[in-house]
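Read in order, the letters of the sequence shown correspond to residues 1 to 381 in this note's numbering. Every residue, glycine too, gets a C-beta built ideally from N, C-alpha and C. All figures in this text were calculated on a predicted structure; none of them were measured in a lab. Quick notes on the structure that follows.
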Amino acid sequence: MDSDGDLRNKCVRVDLTKKHAKQIAPLVEENKYAIPKHIGECDEWTAYPLQPTLLKVIALLSGRIMIGSPRNRNEEWCNTVIQYSMDAFGGGAKLRLLPTFLRPIGAALLPDIRRVKNHQDVARRTVIPIVLARRSGEEKPQDDFLQWMMDSANENEQSPEFLAKQFLIISLASIHTTTMSLSKAIFDLLSHPEYIEPMRQEIERVYKEEGGVFTNAMSKKLELMDSFFKESQRRSPPQPIGTPRIAVHPDGFTFSTGHHVPQGTEIIGCPWLAASFDPAILEKPDEFDGYRFIKMRAQSAEADGRYTYAATSLGHWGYGKHVCPGRFFADTEMKIVLCDILMKYDIRFAGSRKERPNDLVFELNIAADNDCQVEFRRRRL
């Protein structure tokens with residue numbers, strides 16, 4: 001394979017996607033542990049910072065598929081996969097403020113970078129013994145992401161140290177963007193509470209149709225929730241533009257218009273956010289309409305799922321060979337968690353807040369508010 005990320009991407013595109021339906025039962029089972037652990041009974045209104053709480057929940061669900069139970073519940077491992085991304089991105093942002101010649105010194109002094117190295121040590125201590133035990137026959141192979149990487153690794157990717165590094169990266173990647181999208185959707189739901197009851201009615205109806213069990217078929221039937229997620233992401237994508245590209249061919253790249261960019265030129269991607277608010281593309285784009293994509297599906301002559309949450313598009317999950325390969329996994333996790341929350345709890349913003357908190361925008365990222373408190377109370381049926 002050509003680069004370090006190829007092994008991760010192959011396992012996501014092939015194994016994670018192919019085995020998607022099989023993963024739902026263990027995800028549901030893990031959620032039954034995660035929600036009580038991190039939200040609890042809540043007999044009275046109980047406030048939590050929403051995004052940090054959901055991070056812990058999603059870390060457990062993703063970890064169940066990544067490394068299996070009970071290892072995914074190890075506190076040191078959970079803390080590592082949650083904090084690694086924050087420290088890596090935070091340290092990287094600080095280093096970019098320094099002149100290039102000072103960055104090695106900054107890397108040695110910054111606490112964020114030191115913590116990154118500690119997280120990498122935890123990954124090695126966790127993953128390497130598992131790899132060695134499975135290879136020696138001391139532990140049976142498991143149907144988890146680590147095993148998929150071991151089975152798919154070529155001769156240059158076999159070292160336990162390499163697998164530990166790649167496994168840490170894919171573990172954090174499976175957590176943060178999912179959590180952020182779910183946090184934003186819940187903020188939108190609380191600022192538009194008129195959608196809560198229709199969403200609950202949809203969940204109850206579909207649960208009944210599926211025999212009271214969350215299944216892949218149930219996930220596909222949650223049309224309002226799906227449309228709501230997509231509308232939330234339309235208004236607040238992870239980034240305002242598509243991922244920038246770099247011309248790598250020695251001769252550069254020439255567009256169909258004749259415009260030429262030389263090798264090494266960084267090309268800014270598609271303006272997702274601007275396009276999402278363009279009235280020439282969408283009707284009444286400034287309005288939040290949780291039913292928007294249900295209506296668009298109904299009006300479309302194509303019954304190909306193009307308006308579902310996990311559908312590929314320039315403004316959501318990407319397109320073509322650059323599409324997010326883990327989108328179905330993220331979609332399922334979000335639906336499992338939100339179904340459970342809405343059926344178990346009444347939820348509201350803490351204090352007097354009624355409006356959605358503003359996003360945090362830094363560099364080319366649009367992040368959910370990390371401090372906004374949401375109150376939970378067990379439903380009194």
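Those residues which DSSP pairs with Leu360 across a bridge
For the purposes of this step, residue 360 is taken as residue 360 along the sequence shown, with counting starting at 1. Paired residue(s): Ala367.
Whole angstroms are fine: how far does the CA of Leu60 sit from the CA of Arg114?
Along the sequence shown, read from residue 1 onward, the residue named residue 114 stands at position 114. Along the sequence shown, read from residue 1 onward, the residue named residue 60 stands at position 60. Whole-angstrom Cα-Cα distance: 25 Å.
Around the Cβ of Gln147, are there at least 16 other Cβ atoms within 10 angstroms (buried) or fewer (exposed)?
In the sequence shown, residue 147 corresponds to position 147, counting from 1. Gln147 should be labelled buried.
Does Glu397 come out as helix, strand or coil in the three-state DSSP assignment?
Absent from the model: residue 397. The displayed extent of the chain is 1 to 381, so no value can be given.
With a cut-off of 8 Å, do at least 3 Cβ pairs link the region 135-149 to the region 6-23?
yes
Just grab the DSSP bridge partners of Arg378 for me.
Within the sequence shown, numbered from 1, the residue matching residue 378 stands at position 378. Per DSSP, Tyr345.
Distance check for Glu161 and Gly68, CA to CA, integer angstroms please.
Within the sequence shown, residue 68 is the residue found at index 68, counting from 1. Within the sequence shown, residue 161 is the residue found at index 161, counting from 1. If you take the alpha carbons of Gly68 and Glu161, they lie about 19 Å apart.
For Ser227, which residues of its own chain have a beta-carbon under 7 Å away from its beta-carbon, when the five flanking residues on both sides are left out?
As a working note, residue 227 is residue 227 in the sequence shown. Same-chain partners within the cutoff: Gly290, Tyr291, Arg292, Phe293, Ile294.
Can you list, in chain order, the residues of its chain whose CB lies under 6 Å from that of Ile39, leaving out five sequence neighbours each side?
Counting from 1 along the sequence shown, the entry for residue 39 is found at position 39. So the list reads Phe376, once near-sequence residues are dropped.
Thinking just about the alpha-carbon of each residue, which of Cys270, Ala88, Asp251 is nearest to the one in Gln263?
By one-based count along the sequence shown, residue 263 stands at place 263. Residue Asp251 is the option with its Cα nearest to Gln263.
Using a Cβ-Cβ cut-off of 6 Å (strictly less than) and excluding sequence neighbours within five positions of Ile170, which residues of its own chain qualify?
Along the sequence shown, one-based indexing puts residue 170 at 170. Correct list, in chain order: Arg8.
Does the beta-carbon of Asn358 have 16 or more other beta-carbons within 10 angstroms, so that it is buried, or is it exposed?
Start at 1 with the first residue of the sequence shown, and residue 358 comes out as number 358. Exposed.
Going by the CB atoms, is the gap between Arg356 and Ser191 shorter than 8 Å?
To locate residue 191, count along the sequence shown from 1; it is residue 191. To locate residue 356, count along the sequence shown from 1; it is residue 356. Yes, Cβ-Cβ distance for Ser191 and Arg356 is below 8 Å.
Could you tell me the distance, in whole angstroms, from the CA atom of Ser142 to the CA atom of Asn72?
Residue mapping note: residue 142 aligns to position 142 of the sequence shown, counting from 1. Residue mapping note: residue 72 aligns to position 72 of the sequence shown, counting from 1. A quick correction: the sequence has Gln, not Ser, at residue 142. Roughly 14 Å separates the two Cα atoms.
Tell me which residues share the same chain as Asp112 and place their Cβ nearer than 6 Å to its Cβ, disregarding the 5 neighbours each side in the sequence.
By one-based count along the sequence shown, residue 112 stands at place 112. So the list reads Asp87, Gly90, Gly91, once near-sequence residues are dropped.
Three-state class that DSSP yields for Pro238 in the structure shown:
By one-based count along the sequence shown, residue 238 stands at place 238. Three-state result, Pro238: coil.
Between the alpha carbons of Leu16 and Glu155, how many angstroms are there, rounded?
For this step, residue 16 is matched to residue 16 along the sequence shown. For this step, residue 155 is matched to residue 155 along the sequence shown. Approximately 22 Å, taken between the alpha carbons.
I'd like to know whether the C-beta atoms of Thr178 and Ala330 end up nearer to each other than 8 Å.
By one-based count along the sequence shown, residue 178 stands at place 178. By one-based count along the sequence shown, residue 330 stands at place 330. In this structure, Ala330 lies closer than 8 Å to Thr178 by Cβ.
Backbone secondary structure at Ala185 - three-state DSSP:
As a position in the sequence shown, residue 185 is number 185, starting the count at 1. Note: Ala185 maps to helix in three-state DSSP.
From Arg297, Ser300, Ile128, Tyr48, residue whose alpha carbon lies closest to that of Asp371:
The sequence position of residue 371 within the sequence shown is 371, counting from 1. With distances taken between Cα atoms, Asp371 lies closest to Tyr48.
Which of the three DSSP states, helix, strand or coil, is assigned to Ala47?
In the sequence shown, counting from the first residue as 1, residue 47 sits at position 47. Three-state DSSP puts Ala47 in a strand.
Applying the 10 Å Cβ sphere with the 16-neighbour rule, what's the burial state of Leu189?
Here residue 189 refers to the residue found at position 189 when the sequence shown is read from its first residue. Burial call: buried.
Does the contact criterion of 3 or more C-beta pairs under 8 Å hold for the region 27-47 versus the region 192-203?
no
Please name the residue in Ala247, Ile268, Trp272 whose C-alpha comes closest to that of His260.
Numbered from its first residue, the sequence shown carries residue 260 at position 260. Of the listed residues, the one whose Cα sits closest to His260 is Ala247.
How many angstroms separate the CA atom of Thr312 from the CA atom of Arg327?
Mapped onto the sequence shown, residue 312 falls at position 312. Mapped onto the sequence shown, residue 327 falls at position 327. Note that Thr312 has pLDDT 48, beneath the 50 cutoff, so the model's placement of it is unreliable and no number is given.
How about the region 331-343 and the region 203-220: do they share at least three Cβ pairs that are nearer than 8 Å?
yes
Cut-off 8 Å between Cβ atoms - residues of its own chain near Gln83, not counting five sequence neighbours on either side
As a position in the sequence shown, residue 83 is number 83, starting the count at 1. Closer than 8 Å at Cβ, skipping near neighbours: Arg115, His119.
Does any CB atom of chain C fall closer than 8 Å to the CB of Glu355?
Going by chain labels, chain C is absent from the structure shown, which holds only one protein chain.
Would you call Lys335 buried or exposed, if buried means 16 or more other Cβ atoms sit within 10 Å of its Cβ?
Looking up residue 335 in the sequence shown gives position 335. Per the 10 Å Cβ criterion, buried.
I'd like to confirm the pairing. Which residues does DSSP put opposite Arg245 in its beta bridges?
What you label residue 245 is simply residue 245 of the sequence shown in a count that begins at 1. Arg245 pairs with Ile267.
Could you tell me the distance, in whole angstroms, from the CA atom of Ala123 to the CA atom of Asn216?
Here residue 123 is taken as the residue at index 123 of the sequence shown, counted from 1. Here residue 216 is taken as the residue at index 216 of the sequence shown, counted from 1. Looking at the two C-alpha atoms, the distance is approximately 32 Å.
Going by beta carbon distance, what residues of the same chain come within less than 8 Å of Lys19, once the five residues before and after it are set aside?
In the sequence shown, residue 19 corresponds to position 19, counting from 1. The answer, listed in chain order, is Asp143.
Taking Ala34 as the reference, give the member of Glu266, Asp121, Leu168, Arg64 with the closest Cα.
For this step, residue 34 is matched to residue 34 along the sequence shown. The candidate whose alpha carbon is nearest that of Ala34 is Arg64.
Check the DSSP bridge columns for Gly253 and list the partner residues they point to.
By one-based count along the sequence shown, residue 253 stands at place 253. Per the sequence shown, residue 253 should be read as Phe rather than Gly. Looking at the DSSP assignment, Phe253 forms a beta bridge with Val261.
Helix, strand or coil: which one does DSSP assign to Gln400?
Beyond the ends of the chain as shown, which are 1 and 381, falls residue 400; an answer cannot be given.
Within the same chain, show all residues whose beta-carbon is closer than 8 Å to that of Pro52, passing over the 5 residues directly before and after it, in chain order.
Taking the first residue of the sequence shown as 1, we reach residue 52 at position 52. The residues are Asn370.
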